[in-house]
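Asker: Read in the UniProt record's numbering, the sequence shown has 187 at position 187, and its numbers run on one by one without any break. I'd like to ask you about the structure that follows.
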Amino acid sequence: MHALHSVHAETGEDHDVDKNVDIGTNNRTDIRTDIRAADTPQACAAPLSLDALIAEIERRRDEFDTLSHIPRDMIAQMKRAGIFRAGTPQRFGGDALAPHRFLAILERIAIADGSTAWVAAFGSANTYLAALPVETQAQIYASGPDQVFAGGLYPPQRGERAPGGFRVSGQWHFASGCKGADWIGVGIGGAPGAPGEPNAGKPFTAVFPAREVEIVENWNVVGMQGTGSHDLRLKDKFVDERWTFLRGSTAVIDEPLYRYPAVSYQAQVHAAVNLGLARAALDVLTGLSGVTATTTGAPRLADRAYYRAGLAQAEASLRSARAFFFESVEAAWDAILAGDAVSIEQANLLRLSATHAAHACAEVVMNAYKMAGIGAIYREGRMQRLVRDSIVVTQHGFLGEGTYDAAGAVFAGIAPVVTPYP
Numbered sequence: 001m002h003a004l005h006s007v008h009a010e011t012g013e014d015h016d017v018d019k020n021v022d023i024g025t026n027n028r029t030d031i032r033t034d035i036r037a038a039d040t041p042q043a044c045a046a047p048l049s050l051d052a053l054i055a056e057i058e059r060r061r062d063e064f065d066t067l068s069h070i071p072r073d074m075i076a077q078m079k080r081a082g083i084f085r086a087g088t089p090q091r092f093g094g095d096a097l098a099p100h101r102f103l104a105i106l107e108r109i110a111i112a113d114g115s116t117a118w119v120a121a122f123g124s125a126n127t128y129l130a131a132l133p134v135e136t137q138a139q140i141y142a143s144g145p146d147q148v149f150a151g152g153l154y155p156p157q158r159g160e161r162a163p164g165g166f167r168v169s170g171q172w173h174f175a176s177g178c179k180g181a182d183w184i185g186v187g188i189g190g191a192p193g194a195p196g197e198p199n200a201g202k203p204f205t206a207v208f209p210a211r212e213v214e215i216v217e218n219w220n221v222v223g224m225q226g227t228g229s230h231d232l233r234l235k236d237k238f239v240d241e242r243w244t245f246l247r248g249s250t251a252v253i254d255e256p257l258y259r260y261p262a263v264s265y266q267a268q269v270h271a272a273v274n275l276g277l278a279r280a281a282l283d284v285l286t287g288l289s290g291v292t293a294t295t296t297g298a299p300r301l302a303d304r305a306y307y308r309a310g311l312a313q314a315e316a317s318l319r320s321a322r323a324f325f326f327e328s329v330e331a332a333w334d335a336i337l338a339g340d341a342v343s344i345e346q347a348n349l350l351r352l353s354a355t356h357a358a359h360a361c362a363e364v365v366m367n368a369y370k371m372a373g374i375g376a377i378y379r380e381g382r383m384q385r386l387v388r389d390s391i392v393v394t395q396h397g398f399l400g401e402g403t404y405d406a407a408g409a410v411f412a413g414i415a416p417v418v419t420p421y422p
């Protein structure tokens with residue numbers, strides 16, 4: 001297996017290499033960049049390093065915003081870099097990458113562009129597919145491990161029972177990355193089962209080849225425009241029951257990654273985007289500190305006490321949120337590698353640290369915007385997009401303010417109202 005730093009998911013060898021990574025401007029390359037080479041029939045192009053991928057993202061990020069999606073040629077480069085095999089089981093040629101390693105990759109991509117990192121985050125979504133029957137997964141990965149799975153799960157639509165499966169109709173929102181997907185999932189309300197069975201009546205997901213799902217191009221939002229989170233539409237489409245799964249249900253793949261809480265992981269991959277956006281905002285702000293004199297003759301930013309104090313406070317906020325985030329991830333991963341289940345308390349910290357990172361980092365970005373002055377308002381500058389993208393991250397359903405209430409309930413020893421949680 002070749003993965004970041006040749007990590008073996010089964011043993012966790014060298015899995016703590018990122019604990020002391022300095023994510024300041026001058027030390028960012030300490031996060032390992034030797035993503036695995038593609039070595040399957042699907043991967044006909046040469047492998048691509050993370051550094052090369054990020055350079056291309058930086059060059060084209062304005063294009064993605066204008067297009068309102070990440071184009072397929074960029075998705076192909078992300079596949080070459082191994083992004084979309086990070087959540088693929090090893091038994092199907094994937095990396096099943098340790099969560100903290102994949103989250104560090106997303107953080108680096110987000111420094112270059114939030115929308116691209118958001119779409120790259122779906123390299124983790126294949127962990128959901130691990131709940132499908134093994135025979136179904138074998139069909140998904142028949143052409144190789146680099147499969148892109150996107151989904152529009154809300155609002156859940158009704159599935160009519162049919163022999164061997166369901167007939168599905170409806171329209172779903174927020175299908176991020178759908179224009180570059182190989183497979184698309186849609187949310188169905190009411191999983192089958194007798195009354196009293198644990199999963200009976202819960203929403204579940206139906207999976208289709210992307211070509212069979214209509215994309216309604218209506219994504220027009222304040223931030224994360226490049227994610228292409230358009231609507232999906234189906235009309236009386238049959239899905240075999242073997243192509244459906246309950247999101248967050250027990251995986252049928254016995255590898256460490258698939259014992260990691262799937263819903264928590266999805267919260268984390270989106271929160272990691274704001275870690276990168278906050279770092280980018282502070283990089284931009286630092287670059288303004290004293291390169292040129294002001295047009296009005298006022299002191300440079302670096303010569304102003306409020307700027308120096310604000311910059312220090314922002315660094316402290318970002319680094320503290322990042323430390324809590326990765327500490328929680330690694331504690332849960334260590335438990336899995338030791339053969340233990342992730343406890344409710346650990347899963348609670350996974351969710352809480354993700355929500356905290358998303359909101360604390362959005363505040364860091366906004367404060368950087370305020371300190372940057374009037375020049376930050378121009379569309380050709382990065383700061384205004386960093387602000388817009390970061391506030392969108394905080395609106396994700398898994399990162400909302402309700403998470404704090406749910407986390408507090410767990411600390412208090414009562415059942416959380418928010419579901420699914422943790």
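We put the beta carbon where it would ideally sit given N, CA and C, even for glycine.
Give the secondary structure of H396 by DSSP, where H, G and I count as helix, E and B as strand, and everything else as coil.
Answerer: coil
Asker: Quick check: the Cα distance between A412 and E327, rounded to an integer number of angstroms?
Answerer: 22 Å
Asker: Confirm, please, whether the CB-CB distance from T244 to A207 is below 9 Å.
Answerer: Strictly speaking, residue 207 in this sequence is Val, with Ala absent from that position. Yes.
Asker: For L53 versus A81, is the C-beta spacing smaller than 9 Å?
Answerer: Yes; because the gap between Cβ atoms is below 9 Å, this pair is in contact.
Asker: Just to confirm the assignment: which complete alpha helix (DSSP H) runs, minimum length 4, are found wholly within the UniProt domain "Acyl-CoA dehydrogenase C-terminal" (269-398)?
Answerer: 305-337, 344-372 and 383-393
Asker: Looking only at C-alpha atoms, which of A347, H356 and E212 sits nearest to F324?
Answerer: H356
Asker: Give the C-beta separation of I399 and A341 to the nearest angstrom, bearing in mind that I take them to be a contact with Cβ-Cβ under 8 Å.
Answerer: Correcting the residue identity first, residue 399 is Leu in this sequence and not Ile. Actually they do not touch by this definition, with Cβ atoms about 24 Å apart.
Asker: How long is the line joining the alpha carbons of D334 and E255, rounded to whole angstroms?
Answerer: 14 Å
Asker: Go through its chain and collect everything with a Cβ distance to V222's Cβ below 8 Å, but skip five positions before and after it.
Answerer: By the criterion of a C-beta distance shorter than 8 Å, V222 is surrounded in its chain by R388, I391 and V392, once the five residues flanking it on both sides are discounted.
Asker: Is there contact here, the region 176-190 with the region 150-163, by at least three beta-carbon pairs under 8 Å?
Answerer: As far as the Cβ criterion goes, the region 176-190 touches the region 150-163, which means the pair count is three or higher.
Asker: Taking the continuous alpha helix (DSSP H) assigned at Y421, which residues delimit it?
Answerer: It is not in any alpha helix (DSSP H) - Y421 carries neither H nor E in the DSSP assignment.
Asker: Go to R72, then tell me how far its alpha helix (DSSP H) extends in each direction, as first and last residue.
Answerer: R72 to R80
Asker: Quickly, what does DSSP pair residue 480 with across the bridge? List them, please.
Answerer: With the chain covering only 1 through 422, there is no way to say anything about residue 480.
Asker: Using 8 Å as the threshold, is the region 90-101 in touch with the region 54-62, meaning 3 or more CB pairs across them?
Answerer: no
Asker: Determine, using beta carbons only, whether I105 and A86 come nearer to each other than 9 Å.
Answerer: yes
Asker: Nearest-angstrom Cα distance between H270 and A121?
Answerer: 7 Å
Asker: Judging by CA-CA distance, which residue of N348, A280 and N274 is the nearest neighbour of A409?
Answerer: Measuring from the Cα of A409, the nearest candidate turns out to be N348.
Asker: Mind checking whether K237 and E212 have CB atoms under 9 Å apart?
Answerer: yes
Asker: Provide the residue(s) that pair with H173 in DSSP beta bridges, ordered along the chain.
Answerer: Y154
Asker: Can L132 and V186 be called in contact, C-beta distance under 9 Å?
Answerer: no
Asker: Please say whether D113 and G226 have beta carbons closer to each other than 9 Å?
Answerer: yes
Asker: Thinking G276 and I111 are a contact (beta carbons under 8 Å), I'd like their distance in whole angstroms, please.
Answerer: About 4 Å separates the beta carbon of G276 from that of I111, a gap short enough to meet the 8 Å contact definition.
Asker: Roughly how far, in whole angstroms, is the beta-carbon of I70 from the beta-carbon of G177, given that I think they are within contact range, below 8 Å?
Answerer: About 7 Å; that satisfies the 8 Å criterion.
Asker: My output table needs one value for D95: the three-state DSSP class, helix, strand or coil.
Answerer: coil
Asker: Using a Cβ-Cβ cutoff of less than 7 Å, which residues in the same chain neighbour T40 once the five nearest sequence positions on both sides are dropped?
Answerer: In this prediction, T40 scores a pLDDT of 41, lower than 50, which makes its location untrustworthy; the coordinate-derived value is nonetheless stated afterwards. Hits under 7 Å: G93, G144 and P145.
Asker: Under three-state DSSP, which class holds R233?
Answerer: In this structure, R233 counts as strand in the three-state DSSP scheme.
Asker: Could you tell me the alpha carbon to alpha carbon distance between S45 and A142, rounded to whole angstroms?
Answerer: For the record, residue 45 in the displayed sequence is Ala; it is not Ser. Looking at the two C-alpha atoms, the distance is approximately 18 Å.
Asker: With DSSP as the reference, label T29 as helix, strand or coil.
Answerer: For T29, the predicted model reports a pLDDT of 34, less than 50, meaning its position is unreliable; a value from the coordinates is still stated below. Three-state DSSP puts T29 in a helix.
Asker: Under 6 Å Cβ to Cβ from A281, same chain only, skipping five residues before and after it: list those, please.
Answerer: V365, A368 and L386
Asker: So is V417 buried or exposed if we call it buried at 16+ other beta carbons inside 10 Å?
Answerer: Exposed.
Asker: Between E315, P89 and E214, which lies nearest to L232 when the distance is taken from Cα to Cα?
Answerer: E214
Asker: What do you get for P209, buried or exposed, if any count of 16 or more other CB atoms within 10 angstroms of its CB means buried?
Answerer: Exposed.
Asker: Identify whether W219 lies in helix, strand or coil by the three-state DSSP scheme.
Answerer: coil
Asker: Anyone know if the C-beta pair for V273 and E107 falls short of 9 Å?
Answerer: In this structure, E107 lies closer than 9 Å to V273 by Cβ.
Asker: Alpha carbon to alpha carbon, what distance is there between T88 and Y421?
Answerer: 24 Å
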